[in-house]
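Some notes on the structure that comes next.
Number of protein chains: 6
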Amino acid sequence: MALSKDRLIGRKAILLLLSEDPDMQLNQLKENNWKGCIGKVGSMDAHKVVAAIETAAKKNGIIESTIYRESHALYHAIMEALHGVTRGQVQLGSVLRTVGLSFAVLRGNPYDKEQEGDWIAVSLYGTIGAPVKGSEHETIGLGINHI
Amino acid sequence: MALSKDRLIGRKAILLLLSEDPDMQLNQLKENNWKGCIGKVGSMDAHKVVAAIETAAKKNGIIESTIYRESHALYHAIMEALHGVTRGQVQLGSVLRTVGLSFAVLRGNPYDKEQEGDWIAVSLYGTIGAPVKGSEHETIGLGINHI
Amino acid sequence: MALSKDRLIGRKAILLLLSEDPDMQLNQLKENNWKGCIGKVGSMDAHKVVAAIETAAKKNGIIESTIYRESHALYHAIMEALHGVTRGQVQLGSVLRTVGLSFAVLRGNPYDKEQEGDWIAVSLYGTIGAPVKGSEHETIGLGINHI
Amino acid sequence: MALSKDRLIGRKAILLLLSEDPDMQLNQLKENNWKGCIGKVGSMDAHKVVAAIETAAKKNGIIESTIYRESHALYHAIMEALHGVTRGQVQLGSVLRTVGLSFAVLRGNPYDKEQEGDWIAVSLYGTIGAPVKGSEHETIGLGINHI
Amino acid sequence: MALSKDRLIGRKAILLLLSEDPDMQLNQLKENNWKGCIGKVGSMDAHKVVAAIETAAKKNGIIESTIYRESHALYHAIMEALHGVTRGQVQLGSVLRTVGLSFAVLRGNPYDKEQEGDWIAVSLYGTIGAPVKGSEHETIGLGINHI
Amino acid sequence: MALSKDRLIGRKAILLLLSEDPDMQLNQLKENNWKGCIGKVGSMDAHKVVAAIETAAKKNGIIESTIYRESHALYHAIMEALHGVTRGQVQLGSVLRTVGLSFAVLRGNPYDKEQEGDWIAVSLYGTIGAPVKGSEHETIGLGINHI
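Residue numbers (numbering that gives the first Met the number 0), protein chains in the order written: chain A, 0 to 146; chain B, 0 to 146; chain C, 0 to 146; chain D, 0 to 146; chain E, 0 to 146; chain F, 0 to 146.
This is the structure we're talking about:
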């Protein structure tokens with residue numbers, strides 16, 4: 000039942016965002032049988048961040064959009080990642096702040112045991128702050144769910 | 000007022016945790032005039048996680064323990080990092096879950112402008128789950144504050 | 000001071016929503032000296048859910064709209080019921096989700112003792128999910144307050 | 000992708016708790032290919048409520064205890080149900096209140112489509128209040144997750 | 000339905016705590032037909048803060064302890080005041096912090112209209128911080144409820 | 000490291016709001032080397048409350064608007080004060096309520112020790128309630144941060 004050291008889905012999802020060359024790293028993951036995608040979104044609306052990630056995940060075939068259980072798994076992973084980014088209230092513009100984020104969605108089995116099946120990780124990294132250039136600091140979030 | 004690309008304190012604090020050789024990387028940061036420390040803590044009590052980080056930061060001279068404003072800055076950075084780890088309620092054993100975490104505390108000025116002074120980053124990475132071996136997944140958190 | 004088994008206001012308010020024939024059941028409650036009303040509301044705006052329930056409760060004379068203490072009691076019961084529905088952040092469209100809800104408001108004394116006076120129960124039952132047909136699951140909430 | 004009117008898992012899980020004869024109703028559900036169990040727990044410790052439900056679900060074979068994804072699904076359903084019960088902070092004794100709850104765990108596919116697979120519903124109904132007999136009112140919670 | 004300028008219950012409850020001579024001010028309020036009491040509590044346990052206020056309010060006859068609706072009104076006013084003190088999570092020792100508080104409970108009708116009946120205000124003022132002398136700053140909270 | 004009895008920044012910031020003659024009291028504080036300002040804001044949008052306070056603080060030179068660390072300190076003090084005002088979810092119009100607030104921002108060193116440097120206090124006092132005249136009660140909030 001243990002996590003596999005070589006298959007730490009959260010670690011991989013975060014390193015993807017912090018990498019110098021995310022595209023190359025994503026390709027490497029795909030060669031190792033991971034499904035994944037990366038993207039960027041900047042907004043004062045939390046719902047636009049959610050929508051950007053959902054759209055990317057569906058468009059890149061990370062989740063099967065006609066099956067609700069897959070969207071449900073992804074949605075909760077996104078919300079959990081947003082907790083790390085917002086640290087208290089999952090609110091942006093309504094409390095006068097904005098984000099500029101890179102995101103990654105990764106899908107695969109991080110456990111030794113085959114029966115654990117697929118899990119999904121959503122990672123977010125970027126800046127949060129006032130809607131004034133430079134008035135911001137870094138922020139990160141990670142959500143992990145079974146799918 | 001902008002963040003300096005070479006001095007992204009949050010990114011550095013997280014990479015420190017995900018590194019193959021954290022000690023070497025920490026030494027490298029110190030040579031570049033960052034203050035920092037790393038450590039590990041596993042507990043079902045959130046207050047023990049807070050205490051472990053505070054103790055390490057004071058013992059390693061990251062913050063000046065006789066000045067309350069420094070402890071205050073660190074405390075809020077820890078709490079913000081814990082939001083990412085717990086994603087909803089900053090509670091562990093009281094909702095029957097436990098964490099095994101690495102942590103890093105980093106101090107320096109991540110901005111181009113000298114007047115921005117020192118900031119502090121607290122990063123957390125590890126596992127969260129039921130108090131049963133293997134019943135856990137990864138988790139991450141980052142808190143950043145001016146000091 | 001104990002709750003009366005025959006007068007469990009929360010249980011009654013929920014069964015009203017889950018009933019095959021809510022109107023008949025509501026009439027029965029009214030014959031037994033309960034005040035109550037039922038309604039439906041679908042929205043991505045939490046404030047529209049609040050408004051729909053408040054309007055129904057005032058229009059049906061469940062609360063006296065010229066007395067603030069009655070509105071205050073109802074408002075907090077609604078907010079508590081919304082916690083059950085939203086499970087974390089009392090937000091809908093701002094985190095890209097929508098609800099389709101039935102609601103009931105019931106007023107009466109659920110306790111053996113007369114001095115306990117009137118209490119108000121707000122129950123909510125329906126679906127919550129993405130703004131995509133079928134991408135939703137059920138949800139319930141109950142708020143109870145003295146009035 | 001729509002919810003099946005005859006297979007509303009949340010509605011069934013709640014009616015189970017509010018029924019006059021829960022055991023009979025549970026048997027009927029089992030005959031219709033649902034997995035489920037019911038139980039009771041009273042405590043000032045939220046973690047004891049979590050543990051009681053997890054133990055019952057494992058003992059009754061509702062979830063497979065050797066597969067973490069099943070425990071993970073159940074845990075989050077329990078936590079969501081506790082949000083409805085606690086309405087704000089998932090805390091009991093630490094804010095001087097106690098609960099006396101019935102619980103039900105139900106497992107099956109509530110959707111028309113077979114691919115949606117199994118979902119799990121955790122329902123809670125009982126009283127919450129001061130640790131003084133009679134100083135309490137009713138409370139309800141429902142958590143639903145894919146499994 | 001408006002608040003009466005001379006009878007602002009929240010303002011009075013806070014000024015009571017900040018006064019140079021709280022006892023004299025409390026007596027003056029009592030002469031003007033307010034019920035009220037003041038007290039002090041220091042703890043790392045939120046439930047001890049709740050208990051201290053409830054005990055003082057009952058002992059001083061501010062609420063009628065045999066009627067649950069009165070305890071219920073007071074409890075929610077206390078919890079709301081604690082939100083102001085804790086600003087995020089209603090937790091003290093579990094996140095390694097402690098409080099030293101003065102509290103006041105005041106009861107009366109702050110509205111022009113007689114039908115608004117009695118309301119209750121709970122005010123808290125003091126310090127919050129690390130369990131180290133001097134490592135603390137001020138904090139305040141106010142909860143108001145109909146009774 | 001102790002708080003100085005004569006320099007309790009939170010107490011001063013609140014008394015400023017509750018004073019009969021806030022302008023005079025503010026002038027007195029300025030003569031004693033405090034920086035401060037007062038203002039009023041009424042809104043259903045939390046972000047307008049944040050903006051009003053930030054604008055006043057910058058315009059009156061309480062914080063240096065070209066240095067992000069100062070805005071950062073102020074922002075978190077405002078958010079903490081809003082927790083006291085909203086008591087649960089930092090939301091106004093989105094849950095159908097509105098505020099009418101006075102605010103004060105005060106800056107100075109409340110500690111005996113010079114090294115503690117400047118701290119900032121944001122106090123809020125006014126009413127919160129339904130967007131219907133008179134359907135409201137008082138509310139208060141205080142946020143304190145090092146700057």
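The beta carbon of each residue, even a glycine, is placed where N, CA and C say it ideally should be.
The structure presented is a predicted model; accordingly, all values stated were derived computationally and were not measured.
Is it true that the CB of residue j sits closer than 9 Å to the CB of residue i?
i	j	result
G125 of chain D	L100 of chain D	yes
A45 of chain A	I143 of chain A	no
A1 of chain A	G116 of chain B	no
I66 of chain F	Q114 of chain B	yes
A120 of chain D	K29 of chain D	no
S42 of chain E	T97 of chain E	yes
A50 of chain E	V104 of chain E	no
I37 of chain A	I13 of chain B	no
Y110 of chain B	S3 of chain B	yes
G87 of chain A	G60 of chain E	no
Along the chain, where does the beta strand (DSSP E) that runs through residue i open and close?
i	result
Y110 of chain E	That residue, Y110 of chain E, is in no beta strand (DSSP E); it is neither H nor E in DSSP.
I77 of chain C	Taken as a continuous stretch (DSSP letters only), I77 of chain C belongs to no beta strand (DSSP E), being part of the alpha helix (DSSP H) at 67-85.
I179 of chain C	The requested residue 179 of chain C is not part of the displayed model; chain C covers only 0 to 146.
Determine the closest residue to residue i out of the options, with distance taken between C-alpha atoms.
i	options	result
R106 of chain E	E:G41, E:A51, E:E63	E:E63
L16 of chain D	D:G35, D:K4, D:S3	D:G35
G153 of chain F	E:A55, E:G140, E:S3, E:W33	Only positions 0 to 146 of chain F appear in this structure, which leaves residue 153 of chain F out of reach.
V40 of chain D	D:E79, D:I52, D:N31	D:I52
H145 of chain E	C:R86, C:I8, C:V89, C:S70	C:S70
E79 of chain B	B:V48, B:V94, B:K58	B:V48
W33 of chain C	C:H136, C:V131, C:L81, C:L7	C:L7
T138 of chain E	E:S122, E:P130, E:V131	E:S122
V94 of chain E	B:V89, B:N108, B:P21	B:V89
E135 of chain A	A:G9, A:A72, A:K112, A:L91	A:L91
A72 of chain E	E:G87, E:W118, E:K112, E:Q27	E:W118
K112 of chain A	D:D20, D:R68, D:V131	D:R68
F102 of chain F	F:V131, F:G9, F:N31	F:G9
N108 of chain E	E:N31, E:D22, E:D20	E:N31
Starting from residue i, trace the alpha helix (DSSP H) both ways and give me its first and last residue.
i	result
N26 of chain B	21-30
A51 of chain D	45-58
L15 of chain F	8-17
Would you list the one or two residues that DSSP bridges to residue i?
i	result
I143 of chain C	C:A120
I127 of chain C	C:V98, C:H136
V104 of chain B	B:C36, B:V121
L91 of chain B	Its beta-bridge partners do not exist; DSSP assigns none.
For this session: Please name the residues in the segment 91-120 of chain A whose beta-carbon is closer than 8 Å to at least one beta-carbon of chain D, in chain order.
Result: If the cut-off is 8 Å between Cβ atoms, the segment 91-120 of chain A has Y110, K112, Q114, E115, G116, W118 near chain D.
Exercise. What are the residues of the segment 54-78 of chain B that lie near chain F, defined by any Cβ-Cβ distance shorter than 9 Å?
Worked result: Under the 9 Å Cβ criterion, the segment 54-78 of chain B contributes E63, T65, I66, Y67, R68, E69, H71, A72, H75.
Problem set entry | Near-chain D residues of the segment 5-30 of chain C (beta-carbon distance less than 8 Å), N- to C-terminal order | Within the segment 5-30 of chain C, the qualifying residues are L7, I8, G9, R10, I13, L14, L17.
For this session: Check distances from the C-beta atoms of the segment 36-49 of chain C to those of chain F and list, in chain order, the residues that come in under 8 Å.
Result: Cβ contacts with chain F: D44, A45, H46, V49.
Exercise. In the segment 123-134 of chain D, which residues sit with their C-beta less than 9 Å from some C-beta in chain E, listed in chain order?
Worked result: Cβ proximity to chain E below 9 Å picks out G128, A129, V131, G133, S134 from the segment 123-134 of chain D.
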